[in-house]
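Residue numbers (my numbering): 193 to 459. Virtual Cβ for every residue (Gly too), placed ideally from N, Cα, C. In this text, all values refer to a predicted model and were calculated from it rather than measured experimentally.
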């Protein structure tokens with residue numbers, strides 16, 4: 193199959209923006225109060241994607257492990273900030289950001305490097321044309337799992353404070369007392385990727401597969417790549433969410449097996 197590249201014009205983007213104006217109009221008509229947020233989000237999307245397009249164009253030309261590494265680190269640091277911003281209850285002293293960033297760099301780094309050196313195998317393996325988009329997909333999905341898992345655990349421990357402390361009084365260790373809530377938080381963190389995998393193909397055509405098909409790639413080849421990506425996403429989300437939830441659970445206790453909810457603060 194011959195690849196067909198359809199170039200978009202600014203007029204095409206302007207036509208698509210009419211849908212955004214429609215959404216803003218509905219918000220005003222229904223008194224939802226979201227029109228300002230929609231406008232800011234649209235502006236951020238346009239500016240951020242335009243800038244990253246220019247940056248990627250430069251990085252693709254350089255093909256330097258140092259510049260690729262710096263770009264990857266910047267993406268991870270920003271992803272950690274995004275995780276923290278999504279939480280209503282945060283750990284004091286920057287611990288939420290530290291836990292999120294450490295989980296992201298570990299899970300995203302391991303899975304991305306594994307994929308680059310085994311399945312995709314670009315030459316060189318750190319080629320930013322492959323490494324950065326792949327890492328971006330890993331981070332985009334993993335940060336959701338981490339944010340949901342950390343938020344669920346913090347909120348649940350606060351809600352079940354009396355029940356947990358009652359178990360501690362009866363002689364249970366803090367690890368045993370919070371184990372059911374850690375499992376609940378892990379399930380919550382993994383549910384988005386499980387739902388995405390369940391719906392793929394039957395209900396939705398995932399973004400990477402759709403992009404490749406629009407670019408002219410044979411659908412059967414696009415499917416192979418999408419299956420690979422979905423498996424990678426499941427792995428990195430599992431690793432990241434597990435690390436973040438366990439670290440949050442550890443931080444909300446101490447060496448005397450006490451529940452330390454005083455280390456939480458509301459946003």
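Asked: Please state whether DSSP places residue 457 in a helix, a strand or coil.; Found: strand
Asked: Would you mind sorting residue 407 into buried or exposed? The rule is 16 or more other CB atoms within 10 Å of its CB.; Found: exposed
Asked: Considering only the alpha carbon of each residue, which of 418, 431, 315 and 369 lies closest to residue 256?; Found: 315
Asked: Count the other C-beta atoms from every protein chain shown that fall within 10 angstroms of the C-beta of residue 280, then say buried if there are 16 or more, exposed otherwise.; Found: exposed
Asked: Hey, could you find the ends of the alpha helix (DSSP H) residue 296 is sitting in?; Found: 287-307
Asked: Would you tell me roughly how many angstroms separate the C-alpha atoms of residue 381 and residue 410, rounded to the nearest one?; Found: 34 Å
Asked: Return the CA-CA distance between residue 262 and residue 443, expressed in angstroms with no decimal places.; Found: 30 Å
Asked: Quick check: residue 303 and residue 330, are their CB atoms within less than 8 Å of each other?; Found: yes
Asked: Among 362, 239 and 340, which residue has its Cα nearest to the Cα of residue 379?; Found: 340
Asked: What are the boundary residues of the beta strand (DSSP E) that includes residue 282?; Found: 281-283
Asked: Can you tell me where the alpha helix (DSSP H) holding residue 209 begins and where it ends?; Found: 202-221
Asked: Based on the DSSP secondary-structure assignment, which residues constitute the bridge partners of residue 445?; Found: 451
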